[in-house]
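Written out below as structure tokens is the structure these notes cover.
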Amino acid sequence: MLDALIQHAFGIVEQLRLGVVDTNEAAIRLYQKHGFEIYGTEMRALKTEAGYSNEVLMVRFLELGTPGET
0 MLDALIQHAF GIVEQLRLGV VDTNEAAIRL YQKHGFEIYG TEMRALKTEA GYSNEVLMVR
60 FLELGTPGET
């Protein structure tokens with residue numbers, strides 16, 4: 000599904016951005032595998048009854064690659 004989103008985005012937008020909770024290491028690795036890079040962290044971005052969570056901010060620049068790259 001992520002591959003399909005990336006393929007569809009080529010030629011339409013120049014970058015894809017996303018945020019993921021910093022404790023979700025599996026998701027961060029998955030996004031990195033698909034060409035996303037970490038560009039920052041928003042501290043205390045999310046608040047639940049359990050407390051605050053930091054959000055890792057990620058980007059994939061589409062103009063730097065070709066649609067087949069993941």
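Sequential numbering of the sequence shown, starting at 0, is according to numbering that gives the first Met the number 0.
No residue lacks a Cβ here, since even glycine has one placed at the ideal position from N, Cα and C.
All values derive from a computational prediction rather than experimental measurement.
8 Å CB neighbourhood of E54 in its chain, flanking five on each side removed | G18, V19, V20, D21, T40, E41, A44 and L45
Apart from the five residues just before and just after L1, which ones in its own chain have a Cβ nearer than 7 Å to its Cβ?
-> H33
Among N23, I37 and G10, nearest to S52 - alpha-carbon criterion | N23
Beta-carbon separation (whole angstroms), V12 vs L61, contact threshold 8 Å = Indeed, because the Cβ distance is near 7 Å, the residues count as touching under 8 Å.
Label R28 either buried or exposed according to how many other C-beta atoms from any shown protein chain fall within 10 Å of its C-beta, with 16 as the threshold for buried.
-> With fewer than 16 other Cβ atoms within 10 Å, it is exposed.
Quick one: residues in its chain with C-beta nearer than 8 Å to the C-beta of L15, no 5 flanking neighbours on either side, listed in chain order?
-> L4, I5, A8, F35, V58, R59 and L61
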